[in-house]
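In the numbering used here, the protein residues as written are 2 to 256.
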């Protein structure tokens, strides 16, 4: 299979504090990978290395090599990497800059100089996908936190990147909206998009991810098929929860 993300001996420290240590990881094109771990384990930092923000825009001691979509992240600008790699940050407010919802989705598309008709088509498509079309002329700063989260995701997906990185995308969404979001991500994955998502909701990952990584103290503790990893008692020792459905299944087997 084609390798979409290749990480070799990655270590990163910030202000003399080690955040990631000797991380080695390979993710193939078309995988749906979940990343879990306790607070401070390096999950968000790992995502930022995948789109080149680290080391290009965040100072620190960076060691190792990362190749994403065939590009060495040390040799390409973040703007160049962003043509293939889309990222949704945990705080949607940090990604919203426009004064109208529709302009927020159109912004990156205009920077890429796409034809006006294509831009308008994508804006309508992705706003409709996230039930935001009726809000298209509103100021995004006046939206609810859940709607802002949807807008940030819609803006990223509208660029139609090969690789989609998401940091806690369901954190501001209710269960129904989170389920809809993962349905959209699953459909994108089925047509070949690679998905890497940092997520606290292990039930969502159980239902959608093919593979799960567990980070602890900046290192990969576990990496494997979703059900196998999420049923491993080691994750509870990290303060993480085994999904209730797996616990019930385990009790039935023992009983």
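Using N, Cα and C, we set each Cβ at its ideal position, and we do this for glycine too.
query                                                                                                                                                                   : result
Give the range of the alpha helix (DSSP H) segment to which residue 152 is assigned.                                                                                    : 146 to 158
Can you check DSSP and say which residues form a bridge with residue 35?                                                                                                : 198, 213
If I follow the unbroken alpha helix (DSSP H) through residue 231, where does it start and stop?                                                                        : 227 to 231
Within a Cβ cutoff of 6 angstroms, which residues of the same chain sit near residue 156, ignoring the five residues on either side of it in sequence?                  : 105, 106
Using a 10 Å radius around the Cβ and a threshold of 16 neighbouring Cβ atoms, would you call residue 138 buried or exposed?                                            : exposed
Could you check the C-alpha separation between residue 253 and residue 246 for me, to the nearest Å?                                                                    : Bear in mind that the predicted position of residue 253 carries a pLDDT of just 49, short of 50, making it too unreliable to give a figure here.
Among 185, 122, 213, which has the Cα closest to the Cα of residue 201?                                                                                                 : 213
Apart from the five residues on each side of it in sequence, which residues of its chain come closer than 7 angstroms, Cβ to Cβ, to residue 244?                        : 203, 204, 207, 231
Using C-beta distances below 6 angstroms, list every residue in its chain close to residue 30, excluding the 5 sequence neighbours before and after it, in chain order. : 3, 5, 195
Looking at residue 215: is its Cβ nearer than 9 angstroms to the Cβ of residue 34?                                                                                      : no
Would you be able to state if there are at least three C-beta pairs under 8 angstroms between the segment 35 to 45 and the segment 217 to 232?                          : yes
Would residue 159 pass as a contact of residue 82 if the rule is Cβ separation under 9 angstroms?                                                                       : no
Which same chain residues end up closer than 8 angstroms to residue 268 when comparing Cβ atoms and leaving out the 5 residues on each side of it in sequence?          : Since the first residue of the chain shown is 2 and the last is 256, residue 268 is not available in this structure.
What is the C-beta distance between residue 13 and residue 62, in whole angstroms, given that I count them as a contact (C-beta under 8 angstroms)?                     : 7 angstroms
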